[in-house]
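Take a look at the structure set out below.
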Amino acid sequence: MNALTESWSTANEFNPPHRWQTPGKDIYFFCDLHADADALLNSLKLSGLIEQRSTHETLYLSPGAENAQILIGGDCFDKGPSNLALFRLLNQLRTRHPDLVLLSGNHDLRVYAGLLATNHLDDLRQSHFFVRMGRKTAAFFAEIFEQYCWNEKVEPLPQSLIEAQLMPDEQWFELFPQYACNFMSDKQLKKELKQIRKKKLDFIEAWSAYGYDWNQLMQAVNKAKQLFIEAEGEFSWFFQNLQLMQQHGSYLFCHAGIDDRIAHRLLKEPVERINQQFNQALQQGKIFEIYYSELGNVVRTKYRNKDWAFSELGAQALKNQRIYALVNGHRAHHNGQQLVIRQGILHFECDTELNANCRAKSNLPANGQAVTIFSSDGTVQALSNDLSAPKQFHPSRFTNPNVRYN
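Read in the numbering used here, the sequence shown has 20 at position 18, and its numbers run on one by one without any break.
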């Protein structure tokens with residue numbers, strides 16, 4: 003993998019690859035918002051899609067903004083100041099801008115799996131997904147309890163009963179390997195079992211730190227399911243509309259990346275068909291089948307040895323479909339968006355760690371904002387408050403010898 007450390011544009015002109023295709027309309031890519039409504043609002047202002055007078059309560063679209071597509075590249079949950087504030091702002095945006103596309107991130111899929119798992123306690127393959135959400139979601143449930151459940155009166159339940167409704171018991175640790183052995187290696191299984199034990203303790207500790215008890219947790223979980231899972235829930239539109247990937251011209255957009263299996267599936271199936279299968283599996287509650295398959299890898303990979311491989315064969319499969327660039331988030335960069343090359347395929351990495359909490363921990367400037375714009379004229383522009391100047395790319399000026407187009 004080679005990183006481009008200089009500007010994305012080069013001085014030397016050359017003829018672009020004759021098969022390179024530009025998007026049919028301008029695409030504005032925002033990703034890894036992680037529960038930070040301010041980051042989304044500021045990034046929308048930076049993009050020019052909304053007027054500077056816009057607030058969390060009222061968005062004013064700029065002239066011509068309705069002609070573009072807004073693409074949210076996954077990971078709306080966890081880490082940041084307020085999950086609910088971000089979803090309320092996203093809801094306002096989608097009501098004002100009809101061409102808004104939501105891609106799934108690993109945190110989004112994890113929360114959905116965790117909420118749904120409480121309806122599938124008899125399915126040993128996925129009854130652990132509530133615990134798998136981890137300690138970060140304690141803040142999510144605390145926020146829901148404070149805003150929706152504070153004055154609700156419910157009949158208290160014994161802690162042991164609530165724990166049994168949310169978390170796997172010892173029998174699960176004995177039986178899960180039998181159900182998962184066809185999807186996971188022995189090494190992966192051992193790590194998964196170890197992680198679930200740790201995540202269970204971590205979540206209980208994090209929830210207790212808010213000063214709430216088990217009954218209040220159960221209230222918050224039930225309310226979260228009502229808000230996000232039930233058909234008429236206030237935020238049900240989010241999971242109902244999640245997609246896995248989008249293709250525009252020679253650019254493939256997803257949250258994390260792909261592997262050879264997805265690349266070869268794209269030779270036989272259009273992106274729309276894979277998105278349909280992904281969404282159907284979500285709605286049918288087939289989370290295990292998603293999470294531990296090539297579909298789950300799309301939202302989770304970091305191209306590590308333990309991740310499913312993306313080789314020259316996969317890269318060639320993409321090139322055969324005129325896909326020469328991937329656009330993703332997931333891997334945080336502290337110096338703005340980056341352009342890297344894997345197997346001769348460009349990767350626009352757009353996660354600039356926008357949320358305020360993580361920026362504070364990383365000693366980054368406050369008020370993170372970023373957008374990557376893929377214009378119909380072929381220009382790509384990266385804007386971020388972590389960059390001293392915008393970065394630009396155009397295939398007609400790209401001369402890196404490590405990229406082959408056929």
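Quick reminder that beta carbons are idealized off the backbone N, C-alpha and C, glycines included.
Just so you know, these numbers come straight off a predicted model, no measurement behind them.
The C-beta distance from D77 to G116 rounds to 15 Å, too long to meet the 8 Å contact threshold.
Non-local C-beta neighbours of P83 in its own chain, meaning closer than 7 Å and more than five positions away in sequence, comprise A37, D38, A358 and N359, ordered along the chain. A direct Cα-to-Cα measurement between Q190 and R137 gives close to 21 Å. Spanning the alpha carbons of F241 and D388 requires a straight line of approximately 31 Å.
Nearest to Q248 by C-alpha distance, out of G50, I231, N224 and R275, is R275.
Counting other Cβ atoms within 10 Å of its Cβ, C256 reaches 16 or more and is therefore classed as buried. Take R112, set aside five residues on each side of it, and the residues of its chain with a beta-carbon closer than 7 Å to its own are R134 and M135, in chain order. In the DSSP assignment, A182 falls within the alpha helix (DSSP H) that extends over E172 to A182. Shown here, A327 sits in a strand according to DSSP, grouped into three states. In the DSSP annotation of this structure, R306 is not part of any alpha helix (DSSP H), being labelled neither H nor E. Look at K393 here: in three-state DSSP terms it is strand. One thing to note: W174 has its Cβ within 8 Å of the Cβ of S129.
Here F312 is not near Q340, since their CB atoms are 8 Å or more apart.
Here E68 is exposed: its Cβ has fewer than 16 other Cβ atoms, across all protein chains shown, within 10 Å.
Distance from the CA of R98 to the CA of L203, rounded to the nearest whole angstrom, comes to 42 Å.
Rounded to the nearest angstrom, the gap between the Cα atoms of V342 and H335 is 12 Å. Here the segment 138–149 does not lie against the segment 295–314, with fewer than 3 beta-carbon pairs under 8 Å apart. For H250, the pairing in a beta bridge is given by DSSP as Y253. Where E59 is concerned, there is no enclosing beta strand (DSSP E), because DSSP gives it neither an H nor an E.
Here DSSP, grouped into helix, strand and coil, assigns A119 to helix. Here the alpha carbon of L43 sits roughly 11 Å from the alpha carbon of Q94.
Annotated three-state conformation of I206 is helix, per DSSP.
Each of Y212, P158 and Q245 was checked against the Cα of Q221, and the nearest Cα belongs to P158. Linking S64 to I52 through their CA atoms gives a straight-line distance of about 5 Å.
With respect to the C-alpha of L219, the residue from M169, D353 and P397 having the closest C-alpha is M169. Annotation for I231: L117 place their beta carbon closer than 6 Å to its own, counting only its chain and skipping 5 residues before and after.
Taking Y212 as the centre and dropping the five residues before and after it, the same chain places the C-beta of A144 closer than 6 Å to its C-beta, in chain order.
With contacts defined by Cβ atoms closer than 8 Å, Q318 and N281 do not form a contacting pair. Put simply, the backbone Cα of S56 is about 14 Å away from that of R90. The shortest C-alpha to C-alpha distance from I325 to any of S252, Q54 and L385 is the one to S252. Between the alpha carbons of T354 and S390 lies a gap of roughly 14 Å. The C-alpha of T303 is placed about 31 Å away from the C-alpha of D379. Membership of Y30 in the beta strand (DSSP E) is indicated by the continuous run I29 to F32.
The Cβ atoms of G75 and N330 sit closer than 8 Å to each other. In the DSSP annotation of this structure, the continuous segment of the beta strand (DSSP E) that includes T374 starts and ends at A372 to F376.
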